[in-house]
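Visitor:
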Amino acid sequence: MRLNGLRRATELLRLSGSAEFCPPYRTSSSLPDERKDLLHNGPDLQEFLSGTLTDKTLWAEYKGNLKRQKGERLRLPPWLKTEIPIGKNYNKLKNSLRNLNLHTVCEEAKCPNIGECWGGGEYGTATATIMLMGDTCTRGCRFCSVKTARNPPPLDPEEPNNTAKAIIDWGLDYVVLTSVDRDDIPDGGAEHIAKTVTLLKERNPVILIECLTPDFRGDLKAVDTIAKSGLDVYAHNVETVPALQRHVRDPRANFDQSVTVLKHAKNTQPDLITKTSIMLGLGETDDQVYSTMTALREADVDCLTLGQYMQPTKRHLKVEEYITPEKFKYWETVGNELGFLYTASGPLVRSSYKAGTAYALFLNVTTDLRSLILNTKQTYFNSVYFVQ
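In the UniProt record's numbering, the protein residues as written are 1 to 388.
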């Protein structure tokens, strides 16, 4: 009997490819005329299976809601749908990380770009953002899916060495290091991060290192430790506009404290590039976004990224609005006009999104230009960083 059921299922699958098998489409009379038109004029099964729905030319035709109504959960618009992570680079990178007991923010924060970054882009360059100090954070921000605990496991003393080994083995010219918050450690883990940077620079003096750091509870001595470690880019995310800080971030974090961290890093090492990031779609207004960008520029922040907030699980904050690609392009223009060295703005942009493209361009320039880029960071960031 089970075999007969299997045969029937196989026959149904075989027949499903033919037009004769599909019954005539019927629309419920209770649907509004506009919905009926959408159903009749929408894609058929073959168009759906062929993937033509992801064609960017169809984005303007998207009819779904972009702003959440009370009690509603928004559907994901087409410009935020990404490929399932596969490929040789993806598997190689994943296995390498597991063997060395390393963690990435790509996995822990459920980044939508993991398949693209780990799989490699046009030049086959795989990119991962290493997350130092374990996979458990002492903070509980309402947008973040990283595990939390009051007292996480102790730091792995071998992590700086393992991180340096992995990155050198990958042959990267630019690397992004981030970390969880560790409020249970007196210096917040600053020495641990600095040691990782130092080991990397000892093994490869020309490697460019970006550190996306915690706020260290406002401890400026910890900021000094990182800023003087030899890194090239000091990044710390303000995450959202000032008005939404308490709603979005852990109570121990706030906008002024984050800005102070960025300003102090720049004052400590004036040649450092400073960078921050803002999520959109949490309920902020255009005026709030603009005033936030202005405040960051006044704090001498060099680079800014803006991306769409995406709810990682049902336990986290709901998306209040999906921002269109056109609106993100507008904010990129605003950022450039305000004087940021670089403004990366797009639905899928994250702090380290598409850094692999920058690596590939860096590796393909001439020796003379490479020297110029190394000695003139502003030129580097204007020309190749976060190229899309």
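All C-beta atoms in this analysis are idealised placements derived from N, C-alpha and C, irrespective of residue type, glycine included.
Output the boundary residues of the beta strand (DSSP E) element that contains L296.
Guide: As a working mapping, residue 296 is identified with position 296 in the sequence shown. Note, L296: premise wrong, no beta strand (DSSP E); alpha helix (DSSP H) at D286 to E298.
Visitor: Under three-state DSSP, which class holds Y322?
Guide: Counting from one through the sequence shown, the residue named residue 322 turns up at place 322. Of the three classes helix, strand and coil, the one that applies to Y322 here is coil, per DSSP.
Visitor: Would Y322 and L282 be called neighbours here (beta carbons separated by less than 8 angstroms)?
Guide: Here residue 322 refers to the residue found at position 322 of the sequence shown. Here residue 282 refers to the residue found at position 282 of the sequence shown. The answer is no: Cβ separation not under 8 angstroms.
Visitor: Can we say the stretch 286-293 touches the stretch 330-340, given the rule of at least three CB pairs closer than 8 angstroms?
Guide: Yes: at least three Cβ pairs fall under 8 angstroms.
Visitor: Mind checking which residues open and close the alpha helix (DSSP H) that includes I185?
Guide: Position 185 of the sequence shown holds residue 185. Segment: none, I185 is in no alpha helix (DSSP H) and carries neither H nor E.
Visitor: Enumerate in chain order the residues of its own chain whose CB-to-CB distance from L363 is below 7 angstroms, with the five nearest sequence positions on each side excluded.
Guide: As a first step, residue 363 must be located in the sequence shown, where it is residue number 363. With a pLDDT of only 41 at L363, under 50, the local geometry of the prediction cannot be trusted, and the value read off the model is given with reservation. These residues qualify, in order along the chain: D173.
Visitor: Per DSSP, T260 forms a beta bridge with which residues?
Guide: One-based indexing of the sequence shown puts residue 260 at position 260. None, per the DSSP bridge assignment.
Visitor: Report yes if the CB atom of R142 is closer than 8 angstroms to the CB atom of H316, and no otherwise.
Guide: On the sequence shown, position 142 is the one that residue 142 refers to. On the sequence shown, position 316 is the one that residue 316 refers to. The answer is yes: Cβ separation under 8 angstroms.
Visitor: For K275, count neighbouring C-beta atoms within 10 Å of its own C-beta (all shown protein chains included) and say buried if the count is 16 or more, exposed if not.
Guide: To locate residue 275, count along the sequence shown from 1; it is residue 275. Buried, because 16 or more other Cβ atoms sit within 10 Å of the Cβ of K275.
Visitor: What does DSSP give as the partner residue(s) for Q308 in the beta ladder?
Guide: The residue labelled residue 308 in the question sits at position 308 within the sequence shown. Bridge partners of Q308: L280.
Visitor: I need the straight-line Cα distance from V233 to I209, nearest angstrom please.
Guide: Mapped onto the sequence shown, residue 233 falls at position 233. Mapped onto the sequence shown, residue 209 falls at position 209. So the two alpha carbons sit approximately 6 angstroms from each other.
Visitor: For H236 versus D215, is the C-beta spacing smaller than 8 angstroms?
Guide: Working through the sequence shown from its first residue, we reach residue 236 at position 236. Working through the sequence shown from its first residue, we reach residue 215 at position 215. Cβ distance < 8 angstroms, so H236 and D215 count as in contact.
Visitor: Assuming N204 contacts I168 under a Cβ cut-off of 8 angstroms, what Cβ separation, rounded to an integer in Å, is found between them?
Guide: In the sequence shown, the residue the question calls residue 204 occupies position 204. In the sequence shown, the residue the question calls residue 168 occupies position 168. That pair is a contact at about 6 angstroms.
Visitor: When DSSP labels each residue in this structure, what does L177 get in the three-state scheme?
Guide: The residue labelled residue 177 in the question sits at position 177 within the sequence shown. Of the three classes helix, strand and coil, the one that applies to L177 here is strand, per DSSP.
Visitor: Can you name, in chain order, every residue of its own chain whose Cβ lies under 8 angstroms from the Cβ of D183, other than the five neighbours on each side?
Guide: Position 183 of the sequence shown, counting from 1, holds the residue named residue 183. The residues are T138, R139, R217 and R252.
Visitor: The beta strand (DSSP E) with E159 in it runs from where to where?
Guide: As a position in the sequence shown, residue 159 is number 159, starting the count at 1. It is not in any beta strand (DSSP E) - E159 instead sits in the alpha helix (DSSP H) that spans E159 to W170.
Visitor: Once you ignore the five residues that flank G346 on each side, which residues in its own chain have a CB closer than 6 angstroms to its CB?
Guide: Counted from its first residue, the sequence shown places residue 346 at position 346. The residues are F328.
Visitor: Pop quiz: T268 and K221 are said to be a contact at Cβ under 8 angstroms. What is the actual Cβ separation, rounded to whole angstroms?
Guide: The residue labelled residue 268 in the question sits at position 268 within the sequence shown. The residue labelled residue 221 in the question sits at position 221 within the sequence shown. Not a contact, Cβ separation roughly 10 angstroms.
Visitor: Is it buried or exposed for R150, if we count other Cβ within 10 angstroms and need 16 for buried?
Guide: For this step, residue 150 is matched to residue 150 along the sequence shown. That one is exposed.
Visitor: Please check the pair V180 and L212, which I expect to be a contact at CB under 8 angstroms, by giving their CB distance rounded to whole angstroms.
Guide: Position 180 of the sequence shown, counted from the first residue, corresponds to residue 180. Position 212 of the sequence shown, counted from the first residue, corresponds to residue 212. V180 to L212, Cβ: 11 angstroms. No contact.
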